[in-house]
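So the structure is just underneath, and the comments pick up after that.
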Amino acid sequence: MTFWKPPSSPSFYNGFDDNMQKDADSAITNFTTSVDSSFRWAIISSIVFGIVGVIAIVLIVYAIIDCLKKAGTAIPAYTRIANIDEKYHKTSNSKTSSPEVALNIPQDFPIIAHAQDEFATMERFLSNIARERPIRFEPEQLENLTGNYSTILGSGGFGLVYKGEIANGVEVAVKVLKVSNKETEEQFKAEVSTIGRTYHINLVRLYGFCFHPEKRALVYEYVESGPLNKVLFPSSQSTRNIELDKLHQIAIGTARGIAYLHEECRQRIIHYDIKPENVLLDKDLNPKVADFGLAKLCSREKSQIEMTHFRGTMGYAAPEMSRPYPVTHKCDVYSFGIVLFEIVGRRRHFDTSDNESARHWLPKWSWDMFKNNELAIMLSLCGITEKDREKAERMLMVALWCVQYSPDDRPQMSTVVKMLEGDMDIHPPPSPFEHLASKPNLSLHNDDADDSDYSSSWNGDSTRAGVSNSKPVHQTLEIERAS
3 MTFWKPPSSP
13 SFYNGFDDNM
23 QKDADSAITN
33 FTTSVDSSFR
43 WAIISSIVFG
53 IVGVIAIVLI
63 VYAIIDCLKK
73 AGTAIPAYTR
83 IANIDEKYHK
93 TSNSKTSSPE
103 VALNIPQDFP
113 IIAHAQDEFA
123 TMERFLSNIA
133 RERPIRFEPE
143 QLENLTGNYS
153 TILGSGGFGL
163 VYKGEIANGV
173 EVAVKVLKVS
183 NKETEEQFKA
193 EVSTIGRTYH
203 INLVRLYGFC
213 FHPEKRALVY
223 EYVESGPLNK
233 VLFPSSQSTR
243 NIELDKLHQI
253 AIGTARGIAY
263 LHEECRQRII
273 HYDIKPENVL
283 LDKDLNPKVA
293 DFGLAKLCSR
303 EKSQIEMTHF
313 RGTMGYAAPE
323 MSRPYPVTHK
333 CDVYSFGIVL
343 FEIVGRRRHF
353 DTSDNESARH
363 WLPKWSWDMF
373 KNNELAIMLS
383 LCGITEKDRE
393 KAERMLMVAL
403 WCVQYSPDDR
413 PQMSTVVKML
423 EGDMDIHPPP
433 SPFEHLASKP
443 NLSLHNDDAD
453 DSDYSSSWNG
463 DSTRAGVSNS
473 KPVHQTLEIE
483 RAS
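For what it's worth, my numbering labels the leading residue of the sequence shown as 3, then goes sequentially.
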């Protein structure tokens with residue numbers, strides 16, 4: 003018996019199955035290879051980026067630390083300002099002492115040389131900042147910095163002035179006031195409240211003060227060449243002769259200092275005692291206005307100050323100062339005008355030694371010669387050479403404006419500076435003495451007048467009146483008495 007057998011599959015189908023199997027195997031192999039490759043690159047990339055990130059973080063941290071080191075906050079050390087007892091230390095081999103910024107460095111931390119240099123610089127910086135404002139000294143510190151008061155610079159009505167030395171060899175003048183009374187208290191407060199808060203190249207600087215039940219003292223910068231009066235009115239031929247050109251620069255510098263007090267301070271400062279004794283000269287003969295013992299502060303809105311007593315020095319004080327009326331800062335302008343006359347004439351504003359009585363009072367003589375167009379003759383008599391004539395005439399013209407009888411007619415000190423520098427034309431001034439025309443001409447005499455009557459800014463002065471003045475008023479100028 004024969005059974006039916008199904009036919010076998012064609013070869014086409016057999017080949018198709020084989021191809022399918024091969025394609026599947028190939029795809030699986032390719033996929034596996036691709037996955038393995040991507041995974042490897044991902045791992046490698048992660049490692050690379052991780053390393054780069056760590057390096058970047060390290061660099062950033064290093065940069066921050068370096069910046070903090072330069073700022074002085076990233077090293078294990080600290081600064082502190084020395085207290086008053088630490089500012090000055092007595093030593094057996096030196097009389098100098100200095101206000102300092104103490105540097106304390108813990109010993110447990112190593113400090114590199116660069117950091118030490120940075121802190122040394124910061125120490126100097128802070129030390130300089132500390133000296134920007136007046137320092138309060140104790141009596142023992144004053145003894146130390148003056149070498150137990152060994153060198154006297156001068157003496158006067160308010161006390162003695164000693165030479166001293168503070169930080170880095172800076173020389174100072176220490177004015178020790180007499181036993182406390184109302185007058186010295188007024189001077190002390192005036193100095194600290196005015197010059198203690200200002201700084202200008204043409205103002206003497208107040209480094210500090212001592213306020214103690216047994217001691218009142220003011221510590222100024224030391225100005226080497228002394229007061230202007232020693233240059234203008236030399237007591238001997240050995241005193242150096244200053245050219246008029248330099249005197250002209252001294253006048254401009256003085257005017258700038260006064261202009262700063264009047265117009266550039268937050269509160270206006272009126273000096274009340276401008277005179278040659280209160281203009282100090284440094285080693286290069288640059289002027290510095292000094293002695294603020296009579297000075298007053300006033301707001302810019304308040305144009306006048308009520309006066310209860312005379313302030314200033316006879317002969318330099320404005321005429322309104324001797325009357326019970328309000329005064330303004332223009333009283334300093336008048337005083338500066340008198341100083342200008344003395345700079346040109348190189349003599350006191352009132353001098354009876356001249357045989358010609360018309361020449362006794364320098365301001366009036368200057369006006370008379372100007373009115374008669376004879377200034378050239380006057381300048382020749384004052385020893386002014388032709389090459390200096392223009393500057394001398396300019397100073398006299400400015401002086402005539404400054405001593406105008408009415409304060410309103412006097413220029414501001416900033417205008418005075420411009421006129422002296424030649425930056426502004428000077429119009430012919432009116433007569434400062436018109437008010438005297440209908441009044442008797444009161445003669446003046448001062449037989450005692452010499453340099454001893456005019457003490458330096460270093461040592462106070464005997465002709466100055468602040469709270470009171472015990473001297474007779476026979477030195478009052480004609481312009482003051484005629485009113």
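Using N, Cα and C, we set each Cβ at its ideal position, and we do this for glycine too.
Residues bridged to residue i (per DSSP)
i	result
GLY255	GLY255 is not bridged to any residue.
CYS212	ALA219
TYR262	BP columns for TYR262 are empty, so no partner.
CYS300	ARG270
LYS1	Since the first and last residues shown for the chain are 3 and 485, residue 1 lies out of range.
LEU282	PRO229, LYS290
GLY158	GLY161
ARG138	PHE211
TRP43	Looking at the DSSP assignment, TRP43 forms no beta bridge with any residue, so it has no partner.
VAL329	ILE307
LEU205	VAL291
PHE338	PHE338 pairs with nothing; no bridge assigned.
Residue i to residue j span [Cα, whole Å]
i	j	result
GLU193	LEU296	8 Å
LYS393	PHE213	46 Å
PRO140	ASN146	Correcting the residue identity first, residue 140 is Glu in this sequence and not Pro. C-alpha separation (whole angstroms): 10 Å.
CYS267	LYS420	19 Å
GLU216	MET380	53 Å
HIS362	SER368	11 Å
GLY347	VAL174	32 Å
ILE137	ILE154	22 Å
ALA73	VAL60	Note that ALA73 scores 48 on pLDDT, short of 50, meaning its location in the model is unreliable; the coordinates nonetheless yield the value given after this. ALA73 and VAL60: Cα-Cα distance of roughly 20 Å.
PRO432	ALA219	45 Å
ALA320	CYS404	10 Å
ILE57	ALA65	12 Å
ILE272	LYS298	5 Å
ARG302	VAL329	14 Å
GLY55	ILE62	10 Å
GLN143	LYS184	25 Å
CB of residue i within 7 Å of CB of residue j, strictly
i	j	result
VAL558	TYR164	Outside the modelled stretch of the chain, which goes from 3 to 485, sits residue 558, for which no answer is possible.
ILE252	PRO289	yes
GLU265	SER416	yes
CYS300	ARG325	no
LYS277	TYR318	yes
PRO434	GLN414	no
LYS248	LEU282	no
ILE197	PHE294	yes
GLU226	ASP284	yes
THR148	GLY166	yes
LEU364	MET371	no
CA nearest to the CA of residue i, picked from the options
i	options	result
ARG349	GLN269, HIS437, ILE62, VAL233	VAL233
ASN280	HIS250, PHE338, VAL60, SER433	PHE338
VAL291	ILE307, SER301, GLY255	GLY255
LEU162	LEU179, SER152, PRO431, GLY149	LEU179
TYR327	PRO409, PHE352, GLU376, LEU402	PRO409
ILE386	HIS250, ARG412, ASP411	HIS250
LEU438	HIS429, LYS366, GLY156, SER237	LYS366
TODO: Answer yes if the stretch 152 to 172 comes into contact with the stretch 242 to 249, meaning at least three C-beta pairs across the two stretches below 8 Å, and no otherwise.
DONE: no
TODO: Flag this pair as touching only if the stretch 396 to 403 and the stretch 333 to 350 have three or more C-beta atom pairs under 8 Å; answer yes or no.
DONE: yes
TODO: Take every Cβ of the stretch 250 to 264, pair it with every Cβ of the stretch 329 to 339, and state whether three or more of those distances are shorter than 8 Å.
DONE: Between the stretch 250 to 264 and the stretch 329 to 339 there are three or more C-beta pairs closer than 8 Å, enough to call the two in contact.
TODO: Check whether the stretch 183 to 193 touches the stretch 202 to 219, taking contact to mean three or more Cβ pairs, one atom from each stretch, closer than 8 Å.
DONE: As far as the Cβ criterion goes, the stretch 183 to 193 touches the stretch 202 to 219, which means the pair count is three or higher.
Task: Stretch pair the stretch 313 to 320 + the stretch 375 to 391: three plus CB contacts closer than 8 Å - done: no
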